[in-house]
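Reading through the structure tokens given below for one structure.
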């Protein structure tokens with residue numbers, strides 16, 4: 363071995379060459395195209411495995427994740443524009459992760475939730491939205507049951523199903539931003555764990571931090587927060603539950 | 105229904121049991137005719153309170169959770185063996201007090217007890 367940097371350079375040169383050849387070939391379904399594509403896929407399998415590993419503790423076989431991740435890699439290859447000057451690896455990352463997430467999303471519904479409750483999710487969301495608008499507040503379970511012509515128990519089951527689905531599914535991509543939230547600083551003055559909590563809050567994705575602040579520091583209702591962000595109240599409630607659990611675990615870890 | 109609509113759940117102080125109390129809170133919030141955003145708050149609140157009493161309870165201790173629904177009003181009492189008075193200057197306390205209409209916690213007879221009351225926010229709105 364002559365040192366890792368020359369190996370990396372060699373690999374990069376090979377990748378570049380393959381990509382150039384690939385973009386020169388038409389039509390895209392020739393055997394040469396497939397051969398080049400296969401080699402590029404093989405080169406990037408470690409990336410797929412690396413990304414798949416991040417999701418390996420969620421109850422799905424690792425090899426399945428590698429397989430769906432590879433589908434994402436191939437899609438990325440087909441869409442990759444060599445002229446743009448981006449690295450294939452950074453271009454392909456979101457496709458690979460996206461495919462793995464989709465796998466969980468589909469799986470979470472099909473395995474864990476009875477079909478009747480799955481089918482109620484759409485109407486439940488629509489009825490919640492309509493009633494919230496009409497009543498100018500969140501509806502009650504009884505009101506939802508009437509609107510959907512199902513027993514109250516079924517509405518509760520569907521709401522519960524949505525929670526368990528959310529717990530086993532993956533978070534959506536989160537965007538970074540630059541909102542300043544002065545109410546956090548003020549409220550933290552009253553809290554003993556301030557020093558531990560502050561960096562944890564800072565580390566939260568912006569939307570999580572905003573929702574948490576609105577609910578617990580500004581004491582807005584879930585409904586008001588949903589209106590401000592243009593998302594469903596159910597979504598607000600899922601994010602609150604998830605963020606609280608996360609913070610609680612982190613706080614516990616620092617105490618232990 | 106005559107008399108208070110009350111349900112009592114007792115279980116070992118093990119975090120696996122917290123999910124049961126969330127489900128019960130949702131069902132009782134529905135009976136209290138709370139809007140679903142407050143129903144979700146009730147789930148979060150009982151989760152927080154039960155987590156707290158379990159954290160300070162000795163292994164194998166019994167947690168008792170009593171929920172009582174009246175029109176527009178859900179009260180939840182969570183208790184477990186313990187001697188330490190819950191601090192009011194924790195993040196957890198802050199979260200709990202934002203979620204409920206009134207909150208009280210005390211130690212008596214070797215048990216820590218949290219009392220939560222969630223009142224419908226929009227009465228006559």
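Chains as they are written, first to last, in the numbering used here: chain Y, 363 to 618; chain E, 105 to 229.
Ideal Cβ placement from N, Cα and C applies to all residues, glycine included.
Everything numeric in this text was worked out from a predicted model, so none of it was measured.
Opening and closing residue of the alpha helix (DSSP H) in which residue i lies
{"i": "residue 201 of chain E", "result": "195 to 203"}
{"i": "residue 478 of chain Y", "result": "477 to 497"}
{"i": "residue 444 of chain Y", "result": "Where residue 444 of chain Y is concerned, there is no enclosing alpha helix (DSSP H), given that its DSSP letter is neither H nor E."}
{"i": "residue 396 of chain Y", "result": "393 to 415"}
{"i": "residue 560 of chain Y", "result": "556 to 565"}
{"i": "residue 575 of chain Y", "result": "Element bounds for residue 575 of chain Y: n/a, residue is neither H nor E."}
{"i": "residue 226 of chain E", "result": "From DSSP, residue 226 of chain E is part of no alpha helix (DSSP H); its letter is neither H nor E."}
{"i": "residue 189 of chain E", "result": "No alpha helix (DSSP H) contains residue 189 of chain E, which DSSP labels as neither H nor E."}
{"i": "residue 587 of chain Y", "result": "584 to 591"}
Sheet register partners of residue i (DSSP bridge)
{"i": "residue 184 of chain E", "result": "E:216"}
{"i": "residue 157 of chain E", "result": "In the DSSP output, where bridge partners are listed per residue, residue 157 of chain E has none listed."}
{"i": "residue 319 of chain Y", "result": "The displayed coordinates of chain Y run from 363 to 618. Any statement about residue 319 of chain Y would go beyond what the structure contains."}
{"i": "residue 139 of chain E", "result": "Y:502"}
{"i": "residue 515 of chain Y", "result": "Residue 515 of chain Y is not bridged to any residue."}
{"i": "residue 211 of chain E", "result": "E:216"}
{"i": "residue 594 of chain Y", "result": "None; residue 594 of chain Y has no bridge partner."}
Of the listed residues the options, nearest to residue i (C-alpha basis)
{"i": "residue 118 of chain E", "options": "E:160, E:146, E:149, E:181", "result": "E:160"}
{"i": "residue 506 of chain Y", "options": "Y:498, Y:412, Y:517", "result": "Y:517"}
{"i": "residue 466 of chain Y", "options": "Y:496, Y:424, Y:488", "result": "Y:424"}
{"i": "residue 574 of chain Y", "options": "E:214, E:199, E:217, E:225", "result": "E:199"}
{"i": "residue 579 of chain Y", "options": "Y:585, Y:547, Y:568, Y:588", "result": "Y:547"}
{"i": "residue 440 of chain Y", "options": "Y:369, Y:564, Y:598, Y:399", "result": "Y:399"}
{"i": "residue 456 of chain Y", "options": "Y:485, Y:479, Y:497, Y:409", "result": "Y:409"}
{"i": "residue 609 of chain Y", "options": "Y:485, Y:562, Y:476", "result": "Y:562"}
{"i": "residue 495 of chain Y", "options": "Y:371, Y:393, Y:586", "result": "Y:586"}
Short Cβ contact (8 Å threshold) for residue i with residue j
{"i": "residue 130 of chain E", "j": "residue 143 of chain E", "result": "yes"}
{"i": "residue 500 of chain Y", "j": "residue 139 of chain E", "result": "yes"}
{"i": "residue 148 of chain E", "j": "residue 407 of chain Y", "result": "no"}
{"i": "residue 382 of chain Y", "j": "residue 450 of chain Y", "result": "no"}
{"i": "residue 431 of chain Y", "j": "residue 414 of chain Y", "result": "yes"}
{"i": "residue 146 of chain E", "j": "residue 133 of chain E", "result": "yes"}
{"i": "residue 192 of chain E", "j": "residue 216 of chain E", "result": "no"}
{"i": "residue 190 of chain E", "j": "residue 209 of chain E", "result": "yes"}
{"i": "residue 167 of chain E", "j": "residue 218 of chain E", "result": "no"}
{"i": "residue 555 of chain Y", "j": "residue 195 of chain E", "result": "yes"}
Start-to-end residues for the beta strand (DSSP E) that takes in residue i
{"i": "residue 112 of chain E", "result": "109 to 116"}
{"i": "residue 168 of chain E", "result": "166 to 174"}
Contacts around residue i, its chain only, beta-carbon distance under 7 Å, and the 5 residues preceding and following it disregarded
{"i": "residue 113 of chain E", "result": "124, 125, 128, 169"}
{"i": "residue 204 of chain E", "result": "149, 220, 221, 222"}
{"i": "residue 201 of chain E", "result": "207"}
{"i": "residue 122 of chain E", "result": "151, 154, 155"}
{"i": "residue 214 of chain E", "result": "185, 187"}
Cβ-based neighbour list, residue i, same chain, cut-off 6 Å, excluding 5 preceding and 5 following
{"i": "residue 206 of chain E", "result": "221"}
{"i": "residue 482 of chain Y", "result": "520"}
{"i": "residue 111 of chain E", "result": "171"}
{"i": "residue 619 of chain Y", "result": "One cannot answer for residue 619 of chain Y here, as it falls past the ends of chain Y, which runs 363 to 618."}
Cβ shell of residue i (< 8 Å), same chain only, five flanking positions each side left out
{"i": "residue 386 of chain Y", "result": "none"}
{"i": "residue 402 of chain Y", "result": "377, 380, 381, 384, 439, 450"}
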